[in-house]
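Residue numbers (mature numbering (1 follows the signal peptide of the UniProt record, and there is no 0)): -16 to -1, 1 to 714. Worksheet: one structure, shown below.
See below:
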């Protein structure tokens, strides 16, 4: 009886009774509005009030499980409707009716968060977890995941999960409709930058694509309505295996039915059922009740038990499940006939790389077994570093499983990540006498100016070693190169002048002009770590964590160092906390070294029982550090997702290696020229400096502006026209 009521309940209401809201995409589309009128006039079907748009053929952020912007072209020129004639669908969508309803007769029980997430997650996350490396963390930043995980661990509870679901249609996106013009144009812009060799600008724009469109596109969406109830209960292991617990699970399902349908049987419950229900209620510490589509919670709160079917009338159809592929899999000749094959490969590879970078920056490696002494609550990728618990290998792939998978031959699979998760064993040097953990000698960083860069620019990027006070390791420690990169610094110099036509002091006719000189300075940065050598060192350094301007130090849960630890800069904005003082030992974290994308593959991993953390990314090269810490297990703070773009927007200021000069007349732009092209026209006898050459060029152009302004009789418009006709300055 309940099943029939539930099935009948999900039929749409007529607009005269309770109009169903049109989705946001349809509201913004005049084509869909015209279709509603056309269909109503032709068939007399005035109940067609919702468009199933924005559910397939759109972007998807796989870390947060949210729909983003349209990816596939979406129009309503054909005025298509679903086979049952109830909903308007875009031209690029096929609708396959399902019309299947399902009620849980017994609630599902989950005693582990991983099991809960695996069984209730979106199929898009399941497909992603079939991959390897960082791609296993799909969905770990979704709000539902974060909330459920917090409640289970904070209150030490298990979950009883009951659902009522109606599956209405499967919507399939037709890729032959082509890409949405806005999405395609942005990709063509990136291809243009790649064609000109401007890789940094292209990467920045690719990161913006990931920010706006997500990691995937939705190829298939199952739509319908869902009502679910989550009961967080406290129960011990001995109670779970009893027959009474099976009745408790049925009570949880009955509780959901009661909320939706009311007591339609009219009969009283038996004593045994009353006792079971009472025990079930006594176990509950928190209960969540959600509707997706279907009836709203507000309407359920005003239930009229004499109108049971009306209680369940749908307010909206919503996506219940998704399937799709990575965005970069759309970079094919069919969608981009204007691009050469080599350009397609470069564009697809770039978009794939920035997608992987988005995942990698949000991987939190650590022990995900709550029974372990070094359990890391924030970890979303199990690195098998757990203490005091056996490593379990299960057939069912869990949400946090971290085993590697071989790369797939499927062209939609992203390029494999660098070898940062290999299981090769490491020979750890024995701990010398007098040390309770292996000694460490700290870090240092050398900076060398390149080209026309000055040594003054290196001052903020040079870091001496804490023990030796120079740019080398102290005695009995060995220099190990962590990474070596060329860092570009951008700067702007402003020059200004004025040209006048009247010699009168009181009322001259003048024009202001200015130049922005955009410089690119290059520095060679070399990061070194001091590791134990063959001989026993006399002193050691305590490690107190790592942070930067955007990332907290996990050792203290804030931006900064613990106690009196000192800050030592590596890379461009990353700080390592170190101390050589014995009294600071209490804040130390056992440290296992650094490695990067430049480290030989056989060494590019952490020692056993150490967790791998991302320290920084330098010119696309990831730098990791290894540490042992149980700090994260002491709080239940959800990690904050790191969103692209990760490159600084200043990369878009100039396209030239040596910078450019931009000219303005009374604040209006009129020209720009690469610095190297400008100074080539200047006499370089006497070996003038780079700055002197730029000044000479600006002086000569200023003279031309003065001449043109006087010839133009103080007309700014004529002056600009004449200046823009000049092919070369000076």
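Note that the Cβ used here is the ideal one computed from N, Cα and C, for glycine as well. From a predicted model like this one, the values you see are computed outputs, not experimental measurements.
Exercise. Quick one: is residue 41 buried, meaning 16 or more other Cβ sit within 10 Å of its Cβ, or exposed?
Worked result: Your numbering for residue 41 matches position 57 in the chain shown. It is buried - the Cβ of residue 41 has at least 16 other Cβ atoms within 10 Å.
For this session: Answer yes if the region 119 to 139 comes into contact with the region 18 to 25, meaning at least three C-beta pairs across the two stretches below 8 Å, and no otherwise.
Result: Because the criterion of three Cβ pairs below 8 Å is not met, the region 18 to 25 and the region 119 to 139 do not touch.
Exercise. Whose CA, out of 460, 78, 364 and 195, lies closest to the CA of residue 129?
Worked result: Position 145 of the chain shown, counting from 1, holds the residue named residue 129. Of 460, 78, 364 and 195, the residue nearest in Cα terms is 364.
Exercise. Candidates 151, 568 and 456: which alpha carbon is nearest residue 276's?
Worked result: Position 292 of the chain shown, counting from 1, holds the residue named residue 276. When only C-alpha atoms are compared, the closest one is 151.
For this session: Have a look at residue 166 and residue 65 and give me their C-alpha separation to the nearest angstrom.
Result: Start at 1 with the first residue of the chain shown, and residue 166 comes out as number 182. Start at 1 with the first residue of the chain shown, and residue 65 comes out as number 81. Approximately 26 Å between the Cα atoms of the pair.
Problem set entry | 8 Å contact criterion, which residue 240 and residue 304 should meet: CB distance rounded | Residue numbering aside, residue 240 sits at position 256 when the chain shown is read from its first letter. Residue numbering aside, residue 304 sits at position 320 when the chain shown is read from its first letter. The Cβ separation is near 17 Å, so there is no contact.
For this session: Give the straight-line distance between the Cα atoms of residue 259 and residue 233, rounded to the nearest whole angstrom.
Result: Indexing the chain shown from 1 puts residue 259 at position 275. Indexing the chain shown from 1 puts residue 233 at position 249. Those two C-alpha atoms are separated by around 14 Å.
Exercise. Applying the criterion that 16 or more other CB atoms from any shown protein chain within 10 Å of the CB defines a buried residue, is residue 454 buried or exposed?
Worked result: Stepping through the chain shown from its first residue, residue 454 is reached at position 470. Counting the other CB atoms within 10 Å of its CB gives residue 454 a total below 16, which places it among the exposed residues.
Problem set entry | Start-to-end residues for the alpha helix (DSSP H) that takes in residue 686 | Position 702 of the chain shown, counted from the first residue, corresponds to residue 686. Note, residue 686: alpha helix (DSSP H), 674 to 695.
Exercise. Is it a yes or a no for the region 547 to 556 touching the region 580 to 592, going by three-plus beta-carbon pairs under 8 Å?
Worked result: no
Exercise. What span of residues does the beta strand (DSSP E) with residue 506 cover, start to end?
Worked result: Mapped onto the chain shown, residue 506 falls at position 522. From DSSP, the beta strand (DSSP E) with residue 506 extends over 494 to 516.
Exercise. Along the chain, where does the alpha helix (DSSP H) that runs through residue 40 open and close?
Worked result: Translated into the one-based positions of the chain shown, residue 40 becomes position 56. Counting along the chain, residue 40 falls outside any alpha helix (DSSP H), and DSSP gives it neither H nor E.
Exercise. Would DSSP call residue 702 helix, strand or coil?
Worked result: As a working note, residue 702 is residue 718 in the chain shown. Helix, per DSSP.
For this session: Below 6 Å CB to CB, which residues in the same chain sit around residue 515 once its five sequence neighbours on both sides are set aside?
Result: Locating residue 515 in the chain shown gives position 531, where the first residue counts as 1. Within the same chain, residue 515 has close Cβ partners 462 and 464.
Exercise. Under three-state DSSP, which class holds residue 97?
Worked result: Within the chain shown, numbered from 1, the residue matching residue 97 stands at position 113. Here residue 97 sits in helix by DSSP.
Exercise. Is it true that the CB of residue 635 sits closer than 8 Å to the CB of residue 125?
Worked result: Taking the first residue of the chain shown as position 1, residue 125 is located at position 141. Taking the first residue of the chain shown as position 1, residue 635 is located at position 651. Cβ atoms of residue 125 and residue 635: not closer than 8 Å.
For this session: Using beta-carbon positions only, say whether residue 602 and residue 556 come within less than 8 Å of one another.
Result: Indexing the chain shown from 1 puts residue 602 at position 618. Indexing the chain shown from 1 puts residue 556 at position 572. Taking 8 Å as the cut-off, the beta carbon of residue 602 is found closer than this to the beta carbon of residue 556.
For this session: For residue 651, count neighbouring Cβ atoms within 10 angstroms of its own Cβ and tell me buried if that reaches 16, exposed if not.
Result: On the chain shown, position 667 is the one that residue 651 refers to. Label assigned to residue 651: exposed.
Problem set entry | CB contact flag (residue 177, residue 81, <8 Å) | The count along the chain shown starts at 1 and reaches residue 177 at position 193. The count along the chain shown starts at 1 and reaches residue 81 at position 97. No; because the gap between Cβ atoms is not below 8 Å, this pair is not in contact.
Exercise. Between residue 591 and residue 203, what straight-line distance do the alpha-carbon atoms span, to the nearest angstrom?
Worked result: Position 607 of the chain shown, counted from the start, is the residue given in the question as residue 591. Position 219 of the chain shown, counted from the start, is the residue given in the question as residue 203. Distance between the alpha carbons of residue 591 and residue 203: 42 Å.
For this session: Report, in whole angstroms, the separation of the C-beta atoms of residue 144 and residue 215, which I expect to be a contact under 8 Å.
Result: In the chain shown, the residue the question calls residue 144 occupies position 160. In the chain shown, the residue the question calls residue 215 occupies position 231. Going by Cβ atoms, the distance from residue 144 to residue 215 rounds to 4 Å, so yes, they are a contact pair.
For this session: Would you kindly work out how many angstroms separate the C-alpha atoms of residue 310 and residue 199, rounded to a whole number?
Result: Within the chain shown, numbered from 1, the residue matching residue 310 stands at position 326. Within the chain shown, numbered from 1, the residue matching residue 199 stands at position 215. Distance between the alpha carbons of residue 310 and residue 199 is about 6 Å.
Exercise. Looking only at its own chain, which residues have a Cβ that is under 8 Å from the Cβ of residue 702, when we skip the five neighbours before and after it?
Worked result: Here the question's residue 702 lines up with position 718 in the chain shown. Hits under 8 Å: 696.
Exercise. Based on the DSSP secondary-structure assignment, which residues constitute the bridge partners of residue 132?
Worked result: By one-based count along the chain shown, residue 132 stands at place 148. DSSP lists no partner for residue 132.
Exercise. Going by C-alpha distance, which of 469, 431, 546 and 424 is nearest residue 451?
Worked result: One-based indexing of the chain shown puts residue 451 at position 467. Nearest of 469, 431, 546 and 424 to residue 451, Cα basis: 424.
Problem set entry | Through-space distance from residue 317 to residue 5, alpha-carbon basis | For the purposes of this step, residue 5 is taken as residue 21 along the chain shown, with counting starting at 1. For the purposes of this step, residue 317 is taken as residue 333 along the chain shown, with counting starting at 1. Any reading at residue 5 must be qualified, since the residue scores a pLDDT of 30, below 50, and its modelled position is unreliable; the value itself is stated next. Each residue's alpha carbon lies about 39 Å from the other.
Exercise. Taking just the CA atoms, how far does residue 525 sit from residue 595?
Worked result: Taking the first residue of the chain shown as 1, we reach residue 595 at position 611. Taking the first residue of the chain shown as 1, we reach residue 525 at position 541. Approximately 20 Å between the Cα atoms of the pair.
For this session: Go through the region 530 to 554 residue by residue and report every complete run of the beta strand (DSSP E) that reaches 3 residues or more, in order.
Result: Listed in chain order, the beta strand (DSSP E) runs fully inside the region 530 to 554 are 550 to 554, counting runs of at least 3 residues.
Exercise. Rounded to the nearest angstrom, how far is the Cβ of residue 105 from that of residue 212, given a contact under 8 Å?
Worked result: For the purposes of this step, residue 105 is taken as the residue at position 121 of the chain shown. For the purposes of this step, residue 212 is taken as the residue at position 228 of the chain shown. Incorrect: roughly 13 Å between the Cβ atoms, too far for contact.
Exercise. Are residue 561 and residue 528 closer than 8 Å when you measure CB to CB?
Worked result: Taking the chain shown and counting its residues from 1, one reaches residue 561 at position 577. Taking the chain shown and counting its residues from 1, one reaches residue 528 at position 544. Contact: yes.
Exercise. What residue does the beta strand (DSSP E) around residue 209 start on, and which one ends it?
Worked result: As a first step, residue 209 is located in the chain shown; it is residue number 225 there, counting from the start. In the DSSP assignment, residue 209 falls within the beta strand (DSSP E) that extends over 200 to 217.
Exercise. For the alpha helix (DSSP H) that contains residue 337, what are its first and last residues?
Worked result: Mapped onto the chain shown, residue 337 falls at position 353. Its alpha helix (DSSP H) spans residues 325 to 345.
Problem set entry | Beta-carbon spacing of residue 348, residue 623 below 8 Å | In the chain shown, counting from the first residue as 1, residue 348 sits at position 364. In the chain shown, counting from the first residue as 1, residue 623 sits at position 639. Closer than 8 Å, so yes.
Problem set entry | Residues sharing a beta bridge with residue 465, DSSP | Translated into positions along the chain shown, residue 465 becomes position 481. Residue 465 pairs with 512.
For this session: Taking all protein chains shown into account, decide if residue 220 is buried (16 or more other Cβ within 10 angstroms of its Cβ) or exposed.
Result: Counted from its first residue, the chain shown places residue 220 at position 236. The residue is exposed, with fewer than 16 neighbouring Cβ atoms inside 10 Å.
For this session: Find out if the Cβ-Cβ distance for the pair residue 173, residue 344 is shorter than 8 Å.
Result: Along the chain shown, one-based indexing puts residue 173 at 189. Along the chain shown, one-based indexing puts residue 344 at 360. Contact flag unset, no.
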